[in-house]
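Read through the structure below, which is laid out as structure tokens, and then see the notes.
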Amino acid sequence: MANVFDMSCSLPVEILSTILNGVQDANSLASVCCNSRTLGGEAARILYRRVELTNRRMTDSFSETMVQSPALGERVHTLFLTIEGSSVFEPSPEDTYPLARILSSLPKLQHLTIKSNLQSLPMGYAPIFEHCPFQLAAFHNFPLAFTDTMEFLSSQPNIQGWTHLEPSEYAFMQNRSPPLDEQFLPRLLVVNIDAELLSAFRGSRPVTHARLRIFEIDEDACHAFLRDLRYVRDTLVSLMIDASHSSCETSDIFFVERVAREVPSLKHFALLDDNRSRIYEQDFSSDVFVDAISGFKNLVTFTYAPPKPNALLRTPRGSIHPAASAMLDGSSTLRRVSISQGGSIWACKPLPFDTYAKLPGGQIEEELNEPLDFESWRFLS
């Protein structure tokens with residue numbers, strides 16, 4: 556960074572600003588802020604555009620910074636906030652105040668992600684959202700209870716991307732209907748949520764891409780959430796169903812057939828059923844999948860991981876997968892099929908997939924340049 560300091564006297568600030576925009580290391584940008592009066596303001600603009608607070612010490616320090624230099628809060632567009640909490644005790648005012656002070660100091664915040672050292676946090680974090688001056692484009696929440704975020708979300712009509720994966724607190728939906736009418740998140744386009752939340756909607760949304768996690772859901776609830784796909788069926792382009800956490804004894808063929816019935820115009824479908832604890836046996840013959848997939852009118856890609864290793868889904872490296880070949884041959888619209896060849900989501904590494912494509916002439920070959928996996932759902936169009 557010494558060269559940047561030397562150049563600051565000879566190059567226009569606009570050019571040096573372009574150079575600083577290419578700096579990826581936050582420590583280097585902080586060094587510029589401390590050592591160059593000329594470039595400090597521009598470096599601070601870039602440094603504070605994306606803030607990541609990974610522990611309580613950083614959160615408390617940033618909260619104090621917002622008090623001492625409130626103008627810096629106007630530079631923050633993206634915030635990653637990690638909350639260190641207790642799994643038993645509700646948060647105290649001392650716990651929530653620094654979080655609330657940070658969020659109330661960021662008028663131009665666009666993207667907010669909240670994580671935790673725990674999978675779920677107790678209820679009681681709603682006060683951190685009481686004086687938020689911003690309008691978000693995306694909100695990704697992993698540990699906070701839905702009821703703690705519901706009032707805040709009701710004041711955020713511009714959100715287009717929403718993640719809510721906190722599985723411990725959906726019982727209230729069975730006792731009362733939450734007020735999630737057409738005015739609640741009316742502009743949603745991309746959702747990554749637990750399937751139970753879909754049943755809370757009381758009207759359609761313009762959702763185009765969805766990942767629905769089935770978490771310890773019973774068979775009746777499984778039928779209900781598939782039925783509630785009607786709330787997004789008119790606009791949905793890409794759907795991933797993650798059943799890897801579920802104890803529901805429902806076959807994958809059932810999922811394929813029901814999704815084809817509820818969202819027949821779907822273009823991209825992914826089904827993750829990597830739960831090795833299933834006690835039932837399923838028929839993975841290609842004929843069954845061909846029949847099920849024929850229910851889709853416009854399906855272009857299908858990505859699949861079965862619940863347990865099965866010989867019918869394995870093929871030697873370099874050869875064409877017979878099940879993938881049958882599905883591609885049996886559908887007039889299907890262009891790519893990706894099948895997991897083993898492994899487990901619980902191995903904390905990406906599942907290995909083989910992707911096969913049907914060429915314009917009808918030939919089928921392995922796709923190496925753009926393979927499909929379970930992150931593809933949000934990018935396909």
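Quick note, the working numbering runs 555 ahead of the 1-based positions in the sequence shown.
We treat Cβ as the ideally placed atom computed from N, Cα and C, and that holds for glycine.
Opening and closing residue of the alpha helix (DSSP H) in which residue i lies
i: residue 709; result: 701-709
i: residue 880; result: 877-885
i: residue 778; result: 774-782
i: residue 979; result: The question about residue 979 has no answer, for the chain in this structure spans 556 to 936.
i: residue 651; result: 648-658
i: residue 739; result: Where residue 739 is concerned, there is no enclosing alpha helix (DSSP H), given that its DSSP letter is neither H nor E.
i: residue 810; result: 807-817
Beta-carbon proximity check, residue i vs residue j, cutoff 7 Å
i: residue 635; j: residue 668; result: yes
i: residue 783; j: residue 754; result: yes
i: residue 633; j: residue 656; result: no
i: residue 881; j: residue 845; result: yes
i: residue 768; j: residue 789; result: no
i: residue 910; j: residue 927; result: yes
i: residue 666; j: residue 696; result: no
i: residue 721; j: residue 698; result: yes
i: residue 684; j: residue 707; result: yes
i: residue 660; j: residue 628; result: yes
i: residue 756; j: residue 781; result: no
i: residue 853; j: residue 895; result: no
i: residue 631; j: residue 603; result: yes
Residue i - DSSP class collapsed to helix/strand/coil
i: residue 800; result: coil
i: residue 911; result: strand
i: residue 892; result: strand
i: residue 692; result: coil
i: residue 609; result: coil
i: residue 586; result: Its pLDDT being 49, under 50, residue 586 is placed unreliably in this model, and the value from its coordinates should be taken loosely. Reduced to three states, the DSSP call for residue 586 is helix.
i: residue 731; result: Interpretation of residue 731 is limited by its pLDDT of 48, a score under 50 that renders its predicted location unreliable; the figure taken from the coordinates is listed afterwards. Coil.
i: residue 824; result: strand
i: residue 856; result: strand
i: residue 834; result: With a pLDDT of 46 at residue 834, under the threshold of 50, the predicted position of this residue should be treated as unreliable, though the coordinate-derived value follows. Here residue 834 sits in coil by DSSP.
i: residue 753; result: helix
i: residue 931; result: helix
Residue-chain proximity (residue i, chain C), Cβ-Cβ < 7 Å
i: residue 748; result: Going by chain labels, chain C is absent from the structure shown, which holds only one protein chain.
Which listed residue (the options) has its alpha carbon closest to that of residue i
i: residue 690; options: 662, 705, 683; result: 662
i: residue 678; options: 700, 655, 887; result: 700
i: residue 823; options: 794, 787, 814, 844; result: 794
i: residue 825; options: 620, 680, 859; result: 859
i: residue 693; options: 857, 749, 892, 744; result: 744
i: residue 641; options: 673, 721, 648; result: 673
i: residue 828; options: 806, 799, 853; result: 799
i: residue 737; options: 878, 748, 787, 780; result: 787
i: residue 675; options: 637, 647, 627, 761; result: 637
i: residue 619; options: 763, 653, 751, 895; result: 653
i: residue 747; options: 923, 763, 713; result: 763
i: residue 877; options: 850, 715, 920, 818; result: 920
i: residue 918; options: 842, 925, 891; result: 891
i: residue 924; options: 916, 936, 893; result: 893
i: residue 751; options: 796, 709, 714, 623; result: 796
i: residue 610; options: 622, 603, 650, 643; result: 650
i: residue 875; options: 681, 913, 792; result: 913
i: residue 907; options: 889, 930, 646; result: 930
i: residue 647; options: 851, 712, 705, 682; result: 682
i: residue 658; options: 686, 889, 809, 644; result: 686
i: residue 680; options: 705, 664, 688; result: 705
Endpoints, beta strand (DSSP E) assigned at residue i
i: residue 920; result: 919-921
i: residue 669; result: 666-671
i: residue 749; result: 745-749
i: residue 716; result: 716-719
Sequence ranges, beta strand (DSSP E) only - wholly within the region 617-646, length at least 3: 633-638
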